[in-house]
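Residue numbers (the working numbering): 462 to 601.
Glycine included, every Cβ here is placed at the ideal spot set by N, Cα and C.
Reading through the structure tokens given below for one structure.
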């Protein structure tokens, strides 16, 4: 029983040194099987990513917070201010896709079903983000 399932999600920004990249710290749900669905839904909602990484991190933290509930376990800041060497290391993201991994042993958690996670994330967020879809597995 671990004391967390931590990770950092950072948005690659070619205009700034890595230590200044806008990043998000996750205390729970830091496995790839949670992070990929979170990123997928952010892309689905057409949230700006590369164009404005501080906005992107703010919206991503809102989306994740809405999904997980409560008021703990999320943080935002510059890459250099966050714990980038914890359980799942770092996910380097570009246009809501994982493009690199850092401080990571190669094992990727695979306990959560992708489609189920997306459904849970969307049921907590579609209304908040004003998203409706005719085709992509409407939530009933």
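Residue range 483–487 is occupied by the beta strand (DSSP E) that includes residue 484. Residue 506: not part of any alpha helix (DSSP H); DSSP gives it neither H nor E. DSSP, read as helix, strand or coil, puts residue 528 in helix. Residue 522 is not a Cβ neighbour of residue 474, given a cutoff of 8 Å. Contact between residue 527 and residue 579 is ruled out by a C-beta separation of about 14 Å, above the 8 Å threshold. Under DSSP, residue 536 forms a beta bridge with 486.
In the structure shown, residue 561 adopts extended strand secondary structure according to DSSP, grouped into three states. The three-state reading of DSSP puts residue 577 in helix, counting H, G and I together.
Under the DSSP assignment, residue 552 falls in the beta strand (DSSP E) whose first and last residues are 551–555. Per DSSP, the beta bridge partners of residue 471 are 484 and 553.
Residues of the same chain with a CB within less than 8 Å of the CB of residue 503, apart from the 5 flanking positions on each side, are 510, 517, 520, 521, 524 and 557 in chain order. In terms of Cα proximity to residue 485, the closest of 530, 544 and 593 is 544.
Secondary structure at residue 570: coil, using DSSP grouped into helix, strand and coil. Less than 8 Å separates the beta-carbon of residue 548 from that of residue 466.
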